[in-house]
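Those letters in the sequence shown? Residues 557 to 865, per the numbering used here, in order.
Beta carbons: idealized from backbone N, C-alpha and C, even for Gly.
One structure below.
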Amino acid sequence: MVAFDEVNQERLFLVIGGTGAQGGSTARQLLERGHRVRVLVRNPSKASELASLGAEVFHGNIDNPAEVKASLENVTDVFAIPLLHWNEPERETRNALTLIQAARQAGVRHFVQTSVVGAGNHKHNPRAGTGYWNEQYWESKWQIEELVRNAGFAAYTILKPAMFMENFLAPMVDFMYPTLRQGTLVTAIAPDTRIQLIAVDDIGALAVAAFEKPDLYAGKTIELAADALTMEEIAHRLTAATGRAVQAISLSPQEALAQGRTLVREDEWLNEVGHHASIQEAASYGVPLTSFQQWTAAHAGFITIHMSV
557 MVAFDEVNQE RLFLVIGGTG AQGGSTARQL LERGHRVRVL VRNPSKASEL ASLGAEVFHG
617 NIDNPAEVKA SLENVTDVFA IPLLHWNEPE RETRNALTLI QAARQAGVRH FVQTSVVGAG
677 NHKHNPRAGT GYWNEQYWES KWQIEELVRN AGFAAYTILK PAMFMENFLA PMVDFMYPTL
737 RQGTLVTAIA PDTRIQLIAV DDIGALAVAA FEKPDLYAGK TIELAADALT MEEIAHRLTA
797 ATGRAVQAIS LSPQEALAQG RTLVREDEWL NEVGHHASIQ EAASYGVPLT SFQQWTAAHA
857 GFITIHMSV
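Structural data, given as structure tokens:
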């Protein structure tokens, strides 16, 4: 049995990635619930909003072991995300190991780590081992998961989200779906492929719940998805929320490449592999999850589409 009975003021949460989506949401929700929060950031000016909410901003770099160690002083709980380095995948694992070892030495009791759906199963995917997919993306996440599991924390929880709903907002939308601003979703995603989606705030809510209810979450690895939609269904929900017509256009990989789509291989991965989180299991922990319809309704004012119905 794992039980941390201290009042909020006796626990101190270190959030890694506090100026990003997952870390920022987790930090805000911890603060809203009266917890003490410290965020480790390279650029303190980007954490001004969290500071105004009461977070302690620690200026440091995850690449610097001494700064990581200092950031963990008096910390009881850690929320960590994989810090992606596309050109140096080993750096992602190395930084995680630095943090995990320092957290153990500092006496951290509950370590919540995010990962990604599919990490650990990636070696069994179609075309695995051929170099067709960027398998190091999943491999580094899986290595980090294993480091957390084997570190010896009193409690750990691993959250593995599917695709973020926030990918339909700036700045990510201009990379993921650059044609959305013109009212189309042009991809090589097949019409019958279902995209699993999760709202970033739901990840934060699950992380906070894990910290507050360690008996329920300790030792758990939870894949997170709240919805599974085709691109046409996604387009319909965007249309309904914004009042502007959105059309899903599915092209062959060759056609998509010819039209300048830069994520064709990622589209093919969704067609051939995809995310397979259990939406029912994710919902079973009692944290309300946001459907894409709910999310688009709440974020309609931030979705930019220039084509009217």
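So for residue i, helix, strand or coil by DSSP?
{"i": "residue 802", "result": "coil"}
{"i": "residue 719", "result": "strand"}
{"i": "residue 735", "result": "helix"}
{"i": "residue 839", "result": "helix"}
{"i": "residue 589", "result": "coil"}
{"i": "residue 656", "result": "helix"}
{"i": "residue 649", "result": "helix"}
{"i": "residue 675", "result": "coil"}
{"i": "residue 788", "result": "helix"}
{"i": "residue 754", "result": "strand"}
{"i": "residue 563", "result": "In this prediction, residue 563 scores a pLDDT of 49, lower than 50, which makes its location untrustworthy; the coordinate-derived value is nonetheless stated afterwards. The answer is coil: DSSP assigns residue 563 none of H, G, I, E or B."}
{"i": "residue 862", "result": "coil"}
{"i": "residue 820", "result": "helix"}
{"i": "residue 579", "result": "helix"}
{"i": "residue 793", "result": "helix"}
{"i": "residue 680", "result": "helix"}
Taking Cβ to Cβ, would you say residue i is nearer than 7 Å to residue j?
{"i": "residue 833", "j": "residue 658", "result": "no"}
{"i": "residue 721", "j": "residue 825", "result": "no"}
{"i": "residue 754", "j": "residue 772", "result": "no"}
{"i": "residue 603", "j": "residue 613", "result": "yes"}
{"i": "residue 786", "j": "residue 737", "result": "no"}
{"i": "residue 652", "j": "residue 711", "result": "no"}
{"i": "residue 805", "j": "residue 756", "result": "no"}
{"i": "residue 820", "j": "residue 813", "result": "yes"}
{"i": "residue 672", "j": "residue 697", "result": "yes"}
{"i": "residue 616", "j": "residue 639", "result": "no"}
{"i": "residue 760", "j": "residue 582", "result": "yes"}
{"i": "residue 699", "j": "residue 654", "result": "no"}
{"i": "residue 758", "j": "residue 860", "result": "no"}
{"i": "residue 656", "j": "residue 707", "result": "yes"}
{"i": "residue 576", "j": "residue 606", "result": "no"}
{"i": "residue 853", "j": "residue 797", "result": "yes"}
Candidates the options: which alpha carbon is nearest residue i's?
{"i": "residue 591", "options": "755, 631 and 840", "result": "631"}
{"i": "residue 848", "options": "602, 598 and 856", "result": "856"}
{"i": "residue 667", "options": "811, 768 and 789", "result": "768"}
{"i": "residue 765", "options": "566, 635 and 597", "result": "635"}
{"i": "residue 784", "options": "739, 673, 835 and 583", "result": "835"}
{"i": "residue 705", "options": "723, 727 and 665", "result": "665"}
{"i": "residue 567", "options": "573, 593 and 583", "result": "593"}
{"i": "residue 837", "options": "715, 698, 641 and 829", "result": "715"}
{"i": "residue 688", "options": "854, 845, 862 and 829", "result": "829"}
{"i": "residue 703", "options": "669, 619 and 798", "result": "669"}
{"i": "residue 733", "options": "818, 625 and 647", "result": "818"}
{"i": "residue 842", "options": "778, 854 and 752", "result": "778"}
{"i": "residue 744", "options": "569, 811, 853 and 571", "result": "811"}
{"i": "residue 746", "options": "788, 683, 620 and 572", "result": "788"}
Tell me the residue span of the beta strand (DSSP E) that contains residue i.
{"i": "residue 571", "result": "568-572"}
{"i": "residue 749", "result": "No beta strand (DSSP E) holds residue 749; DSSP gives it neither H nor E."}
{"i": "residue 855", "result": "Not the beta strand (DSSP E): residue 855 falls in the alpha helix (DSSP H), residues 848-855."}
{"i": "residue 612", "result": "612-615"}
{"i": "residue 780", "result": "776-780"}
Quick one: what's residue i bridged to in DSSP?
{"i": "residue 688", "result": "Note: residue 688 sits in no beta bridge, so no partner."}
{"i": "residue 711", "result": "666"}
{"i": "residue 633", "result": "569 and 666"}
{"i": "residue 594", "result": "570 and 612"}
{"i": "residue 764", "result": "In DSSP, residue 764 forms no bridge with anything."}
{"i": "residue 740", "result": "803"}
{"i": "residue 783", "result": "753"}
Is the shortest distance between the beta-carbon of residue i and the beta-carbons of chain C less than 7 Å?
{"i": "residue 719", "result": "Within the model displayed, chain C is absent; a lone protein chain is all it includes."}
How is the alpha helix (DSSP H) around residue i delimited, first residue to last?
{"i": "residue 771", "result": "770-773"}
{"i": "residue 606", "result": "604-608"}
{"i": "residue 624", "result": "621-627"}
{"i": "residue 809", "result": "809-814"}
{"i": "residue 845", "result": "Taken as a continuous stretch (DSSP letters only), residue 845 belongs to no alpha helix (DSSP H), as it is neither H nor E."}
Check whether the Cβ of residue i lies closer than 6 Å to any heavy atom of the ligand NAP, and answer yes or no.
{"i": "residue 650", "result": "Of ligands this structure carries none, so the ligand NAP is not represented either."}
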